[in-house]
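In what follows, a structure is listed as structure tokens, so that the remarks can point back to it.
This is the structure:
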């Protein structure tokens, strides 16, 4: 009879330990798609390169120091739709001696989310500005199923499973900026984050079986506070620079294992530590209608797993055993480049925009080579083996009127496509 592997999924199950560790190794967590692009269709059309420019109401989140550039009160709203193609291990084979995953078969699960992703109200004063805003920091969902891969050189197989996850984080913020001189300004945002997660993974005995072995869940919500601090420096009429640090908080939620008979085996507290971002940017205006911007962002994705990744109890020949999984995420660097050309000879100026940027690989992955005697480690190494960097290309346009501006943009990559429409009202 084949030995069955169970991936460590979904619950923080370290016996009687009371410490809340980081994110669990439920399959849905492996490919959560963060979007650190600045809000607004104008920024999206420029590849998200907006740290140094930050000259409209979206600066309230992007770089609050830019708020002092606004001459009149503004209200901004953005509607954004994002389409995800999430990869997962759908089946195939792996080897254990030596360990290898070249025979695995991968599938893609397509989902989309849409929402009013940004709202802001900016009130400029003499030398300083205030803003209130609401920003969709994270909105991701996916669902997929796997027949369970097997080993081509042993009798090890992985339970077939179905997984689904829905995770959202909204930010409500208060931003302020002060102009120290004609060249230099600084800004600060105080942010309230609301986090919600709901996920489940169900495992069955075989691809043709409906008998549930067990299931795991992540659920709950939390409120926490973070901040953004930014600076902007105007060197001359052609060059402008900006920098920002965004401190995101850590959220608590719960994870549980449910037995085949529907009883809850246990519930544990775990944490979701959202990545921090540090970015620098430069804007160049070689001629009046031309704007070129470059941003470089360092993202601490490793925050997600820095406290240790907890697993469920692993079922194998020696019984149920708790363990921590050697899973991790590398920090990443985003490079964003974008440009804008404005046709200023019209009564109502019209702008065309384009951009490109690199989204670094940031999936949760197994670290190192699994011990051949640890079936749960092999399972994690198999199922957490996906991830690659993505190059994004964007384009957009804008049309400015005396009191109103309309912008639209689209951003495309192999895994994520984003569409945005936003408007700014000045009064």
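In this note's numbering, the protein residues as written are 49 to 475. Just so it is clear, CB atoms sit at the ideal spot from N, CA and C, and this is done for glycine as well.
Check	Outcome
Sub-8 Å separation of residue 267 and residue 305 beta-carbons	no
Backbone secondary structure at residue 219 - three-state DSSP	strand
Residue span of the alpha helix (DSSP H) that contains residue 110, given as start and end	107 to 110
Top-ranked residue by Cα proximity to residue 167, from 185, 442, 141	185
Extent of the continuous alpha helix (DSSP H) to which residue 344 belongs	That residue, residue 344, is in no alpha helix (DSSP H); its beta strand (DSSP E) goes 338 to 347.
Spatially closest choice to residue 235 from 259, 407, 469, 294, by CA coordinates	294
From 330, 410, 412, 374, residue whose alpha carbon lies closest to that of residue 386	330
The stretch 325 to 343 contacting the stretch 93 to 103, beta-carbon criterion three pairs below 8 Å	yes
Neighbour-count burial assignment, residue 126, 16 or more Cβ in a 10 Å radius	buried
Candidates 199, 214, 383, 474: closest to residue 145 by CA position	199
Whole-angstrom C-beta distance between residue 410 and residue 349, which should lie under 8 Å	4 Å
Host alpha helix (DSSP H) of residue 194 (start-end)	Unbroken run through residue 194 is the beta strand (DSSP E), 176 to 194; no alpha helix (DSSP H).
Residue 252 beta carbon less than 8 Å from that of residue 259	yes
8 Å Cβ cutoff met for residue 134 and residue 157	yes
Whole-Å CB distance - residue 392 paired with residue 336, under 8 Å assumed	7 Å
Straight-line Cα distance separating residue 424 from residue 369	Residue placement at residue 369 cannot be trusted, given a pLDDT of 40 that sits under 50; the coordinates are not used to answer.
Coarse secondary structure for residue 401, derived from DSSP in three states	strand
Separation of residue 104 from residue 117, as counted between CA atoms	8 Å
Proximal residues to residue 399 (C-beta, below 7 Å), its chain only, five neighbours per side dropped	388, 389, 390, 445, 446
Simplified DSSP state of residue 122, which is helix, strand or coil	strand
Chain D within 8 Å of residue 168, Cβ atoms only	This model lacks chain D altogether, as it is built from one protein chain only.
Beta-carbon spacing of residue 452, residue 472 below 8 Å	yes
Residue environment, residue 334, which counts as buried when at least 16 other CB atoms sit within 10 Å	exposed
Range of the contiguous alpha helix (DSSP H) that encloses residue 426	423 to 431
Cβ contact (3+ pairs, closer than 8 Å) linking the stretch 177 to 193 and the stretch 74 to 89	yes
Boundaries of the alpha helix (DSSP H) in which residue 89 is found, first to last residue	89 to 93
Opposing strand residues paired with residue 414 [DSSP bridges]	375
Bridge partners - residue 127, DSSP secondary structure assignment	164, 469
Beta-bridge partners of residue 172, as assigned by DSSP	177
Cα-Cα separation between residue 314 and residue 307, rounded to whole angstroms	10 Å
At least three beta-carbon pairs within less than 8 Å, the stretch 223 to 242 to the stretch 202 to 215	no
Nearest-angstrom Cβ-Cβ length linking residue 111 and residue 383, presumed shorter than 8 Å	Residue 111 to residue 383, Cβ: 17 Å. No contact.
Burial state of residue 280 (16 or more Cβ within 10 Å)	buried
Rounded C-alpha distance that separates residue 441 from residue 343	15 Å
C-beta contact flag for residue 223 and residue 296 at 8 Å	no
Minimum C-alpha distance to residue 152 - residue among 115, 206, 171, 232	206
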